[in-house]
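In what follows, a structure is listed as structure tokens, so that the remarks can point back to it.
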Amino acid sequence: MRYEKIANSFYIENRKKFADKILPNSVAVFSTNDPLPTNADGTFGFIQNSTFFYLTGIDQEDGYLIIDKRKTPHQEILFVRETNEKIRVWEGEMLSKEEASEISGIENVEWSSEFWKKVEHNLNNCLNIYTHIDLSQGKGTAFRSREKYLTTLLKRKFQNKNFINSSEIIDNLRVIKHPLEIIQIIKAIEITNAGFERGAKFLKSGIFEFELEAEISHEFFKRRSRNHAFQAIMASGKNACVLHYITNNEICKNGDLILMDFGAEYGNYKADMTRTLPINGKFSERQAEVYQSVLDVMQAIKKQMVVGNTIDDLKKETQNLIGKELIKLGLCSASKLKNEPKTILKYFPHGVSHHLGLDVHDVGDRKRPLEAGMLLTLEPGIYIQEENLGIRLENDVLITENGNEDLMEGIPLEIVEIENLMKK
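For the sequence shown, the UniProt record's numbering begins at 1 and goes up steadily by one.
Spelled out as structure tokens, the structure:
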């Protein structure tokens with residue numbers, strides 16, 4: 001297996017928590033993702049629907065889950081794809097019913113081909129049907145996920161039922177990370193660090209940004225990550241001022257910095273880290289000055305990542321601190337900041353934190369007070385377009401009862417640590 005599986009007790013507990021939250025006389029239906037097409041008969045590598053994985057641990061396509069709360073305790077049916085002869089020859093063995101049951105902790109496992117027959121039986125006599133639609137998915141595109149399509153079909157078939165989106169319940173469960181999830185994320189972070197160290201030692205002037213990405217990718221795959229958690233950003237020179245620069249196709253030049261925003265995936269869980277390195281191995285005086293400003297803000301805001309504060313609170317305080325740093329750096333005056341507070345957005349145009357977990361931008365409300373068990377990024381930056389200089393630093397931070405734990409604490413971050421790493 002590519003990754004160590006989580007014990008099925010985790011998925012059993014997740015389903016019970018969900019079932020406890022839905023209305024009586026309700027049935028919930030969930031589906032896997034589909035493989036996304038490229039062109040002709042090609043597809044992208046399969047990535048599981050995060051909620052389906054959270055509830056079942058099943059990591060293959062063409063599956064469904066029914067949670068039936070017409071009775072107490074609730075009933076569960078898992079549907080998985082059957083391996084026929086064609087699938088066996090072209091794709092290999094899918095999970096057997098026994099294997100799917102062992103992974104998920106669900107006793108009643110059926111083939112996916114039986115799903116619509118079972119749906120007819122289970123949904124006819126309920127009042128409410130819960131489906132799951134990720135409200136952030138596919139915004140601004142014509143994309144329609146399998147779960148959206150399933151909801152459309154169910155609404156056509158059961159027009160007299162009350163349909164409820166389960167996303168609020170699911171999101172409130174997923175936002176608090178279980179210790180078993182933290183273990184997976186720490187593994188993703190360890191792989192990320194290994195890729196970073198390999199890349200830092202490889203970095204030099206004259207290479208292409210994509211060569212650096214390739215070095216990191218090599219280390220990821222070698223250590224059982226299936227892929228990057230998201231499209232890696234390897235932004236040298238002026239490219240670092242483009243927040244989501246992903247073309248990674250320019251030459252790294254002597255005297256420039258390179259902003260590396262990347263992370264490994266492990267067992268569907270994600271890491272997210274940013275480091276900014278001097279391509280020649282040594283920060284210039286100006287680069288070090290700006291870098292230290294960002295680092296000082298990062299360290300100050302980390303102290304604010306405690307129970308009770310919100311992500312919006314963190315952003316507001318970050319903007320306040322960056323404003324003070326901009327004055328120190330000679331980028332604007334105190335009077336200009338007072339009269340034109342949006343000046344900060346020129347140099348710091350993004351947020352400072354987001355939730356992290358099965359998704360890079362994981363579920364979670366930025367206005368919700370932080371609670372123990374939440375995992376967030378911390379990523380301040382300063383971007384000076386007129387100097388072709390962009391610096392962002394990012395670590396992953398777990399909120400605890402008494403403060404927080406920086407899960408990337410041991411990864412080089414200080415100026416001297418970065419320069420020493422690049423000498424090796």
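Glycine included, C-beta positions come from ideal geometry on N, C-alpha and C. These numbers were taken from a predicted model, which means no experiment stands behind them.
Same chain only: Cβ atoms within 6 Å of residue i, ignoring 5 sequence neighbours per side
| i | result |
| --- | --- |
| V399 | The sequence as given places Ile at residue 399; Val does not occur at that position. L370, A372 and M374, listed in sequence order. |
| G364 | V175 and H355 |
| L173 | K17 |
| E213 | A232, M234 and N248 |
| E394 | M273, T274, T377 and E379 |
| E93 | T83 |
| S31 | Y64, R146, E147 and L150 |
| E219 | A194, G195 and R198 |
| K97 | V109 |
| G105 | N8, Y11 and I12 |
| P37 | T43 |
| N254 | S205 and N280 |
Span of the beta strand (DSSP E) around residue i
| i | result |
| --- | --- |
| N162 | N162 to N165 |
| T131 | N128 to T131 |
| F79 | Q75 to V80 |
Check whether residue i and residue j have beta carbons under 9 Å apart
| i | j | result |
| --- | --- | --- |
| N193 | I391 | no |
| residue 432 | G63 | Here the chain has residues from 1 to 424 only, and residue 432 is not among them. |
| G263 | M273 | yes |
| A235 | L203 | no |
| I301 | T276 | no |
| H132 | I185 | no |
| V352 | K315 | yes |
| I66 | K117 | no |
| L358 | N248 | no |
| N239 | V306 | no |
| E289 | L329 | yes |
| L389 | L243 | no |
| V397 | D406 | yes |
| F163 | L153 | no |
| L95 | I47 | no |
| I279 | S205 | yes |
| G241 | I384 | Strictly speaking, residue 241 in this sequence is Cys, with Gly absent from that position. It is a contact, given that the beta carbons lie within the stated cut-off. |
| R286 | E387 | yes |
| D312 | Q304 | no |
| D362 | K222 | no |
| I382 | S284 | no |
| K424 | K201 | yes |
| I344 | S166 | no |
| F19 | P73 | Per the sequence shown, the amino acid found at residue 19 is Ala instead of Phe. Yes, these two residues count as a Cβ contact at 9 Å. |
| K71 | L123 | no |
Same chain, Cβ closer than 8 Å to residue i, five either side skipped, listed in chain order
| i | result |
| --- | --- |
| A7 | L180 |
| R224 | R2, Y3, I191 and Y266 |
| S112 | D62, G63, Y64, F79, V80, R81 and E82 |
| I246 | Q231, A232 and I233 |
| F210 | M234, N248 and N249 |
| K367 | T310, I311 and D312 |
Residue interval of the alpha helix (DSSP H) (run including residue i)
| i | result |
| --- | --- |
| R226 | Careful: R226 lies outside any alpha helix (DSSP H) and carries neither H nor E. |
| L154 | R146 to K157 |
Beta-carbon proximity list for residue i, same chain, < 7 Å, skipping 5 on both sides
| i | result |
| --- | --- |
| F10 | H178 and L180 |
| N14 | Y54, L55 and L173 |
| K148 | I133 |
| M408 | I189, M273, N395 and D396 |
| D34 | E61 and R146 |
| E107 | S101 |
| K187 | Y266 |
Chain B within 9 Å of residue i, Cβ atoms only
| i | result |
| --- | --- |
| R286 | Looking at the structure shown, chain B is missing, and only one protein chain is on hand. |
Evaluate contact between the stretch 287–307 and the stretch 320–330, counting only Cβ atoms and requiring at least three cross-stretch pairs below 8 Å. yes
If you scan the stretch 344–417 from start to end, which runs of the alpha helix (DSSP H) of 4 or more residues do you find wholly inside it?
none
**Message:** Taking contact to mean 3 or more Cβ pairs, one atom from each stretch, closer than 8 Å, check whether the stretch 122–131 and the stretch 20–27 are in contact.
**Reply:** yes
task = Any chance you could list the alpha helix (DSSP H) runs of at least 4 consecutive residues sitting entirely within the stretch 254–339, in chain order?
result = 285–302, 311–328 and 334–339
Tell me whether the stretch 96–103 and the stretch 70–80 touch, counting them as touching only if at least three CB pairs, one residue from each stretch, are closer than 8 Å. yes
May I have a chain-ordered list of the alpha helix (DSSP H) segments no shorter than 4 residues that lie completely inside the stretch 182–239?
209–222
- Could you pull out every unbroken beta strand (DSSP E) segment of at least 3 residues lying fully inside the UniProt domain "Aminopeptidase P N-terminal" (6–140), listed in chain order? 26–31, 64–68, 75–80, 109–111 and 128–131
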